[in-house]
Amino acid sequence: MALVTLRVLDGADRGRVFGDLATPVSIGREEGNSIQLNDERISRFHLKIQEDGGQLVLTDLESTNGTKVNGENVQLWLLRPGDVVTVGRTILLYGAEDDIARRLAALRGADLSEGVAPDADDLEQELPSVSLASELNWTDDPSTQATLHTLLPPELPTGLSPGQNAQLNELLHYVHLRLRGLIRSAEVPRRSETVSLPQRRWQDLLDLEARLARYLRSVGEPD
1194 MALVTLRVLD GADRGRVFGD LATPVSIGRE EGNSIQLNDE RISRFHLKIQ EDGGQLVLTD
1254 LESTNGTKVN GENVQLWLLR PGDVVTVGRT ILLYGAEDDI ARRLAALRGA DLSEGVAPDA
1314 DDLEQELPSV SLASELNWTD DPSTQATLHT LLPPELPTGL SPGQNAQLNE LLHYVHLRLR
1374 GLIRSAEVPR RSETVSLPQR RWQDLLDLEA RLARYLRSVG EPD
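Given below as structure tokens:
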């Protein structure tokens, strides 16, 4: 069973630590939540964190003011150590210090173009003794911690049925064909760093973004 640790960075409950909570974990302002926060902008039952397939899944429970992870509005999210969760006026840091340190150590020098960053659980044998303080001070580059929140290419889901695989293939094929058409219609003048699209193609791109937004909302709606 996965254990959840969350530290309150800002908000009325700043400084509180909720450590080693067994999943599922619910967060809200009402009694009965695993984590009850003193924040009027948080819904009564705002979000839940549950384990699925060895991963921790955050789900926004159709809250009034929404949930952000690393600054982006989300309905579903696979949590990794170092993720920053914002609900209402409260900011939470996910992960124990050791887990965040192991992930930072793994990201050090990693090729981030190859896929999602390694999770802390995969590194226990390779990195038995790392500390958060040493990892944060490993370099003078102020953007070091930003590496944790780099938007990386996600892995494809596994364990899908043949029908689900076919649906996923159809969806990705649809997006690929539309993007291919848009890219081929772009005008790239010689000796210029600017790429331009015809107005009709620009509207096509906006329509594709809107469709993807609807897909995300549909997938993210909790049961």
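The working numbering runs 1193 ahead of the 1-based position in the sequence shown. All residues carry an ideal CB built from backbone N, CA and C; glycine is no exception. Quick caveat: nothing in here was measured; it's all calculated off a predicted structure.
DSSP links D1245 through a beta bridge to Q1248.
DSSP places G1413 in the uninterrupted alpha helix (DSSP H) bounded by 1392-1413. Between the region 1197-1214 and the region 1276-1294 there are three or more C-beta pairs closer than 8 Å, enough to call the two in contact. Considering only L1202, E1265, P1217, G1204, the residue with the shortest C-alpha distance to L1196 is P1217. About 10 Å separates the Cβ atoms of R1237 and Q1229, ruling out a contact at the 8 Å cut-off. Apart from the 5 residues on each side of it in sequence, Q1248 sits with its Cβ closer than 6 Å to the Cβ of L1271 in its chain, given in chain order. Within the DSSP bridge table, the entry for V1280 names T1260, T1283 as partners. Contact between D1276 and N1263 holds: CB atoms are separated by about 6 Å, below the 8 Å threshold.
Judged by DSSP in its simplified three-state form, I1220 adopts strand. Sequence-distant partners of D1397 (beyond 5 residues in either direction) whose C-beta falls short of 8 Å from its own C-beta, in its chain, are R1371, G1374, L1375.
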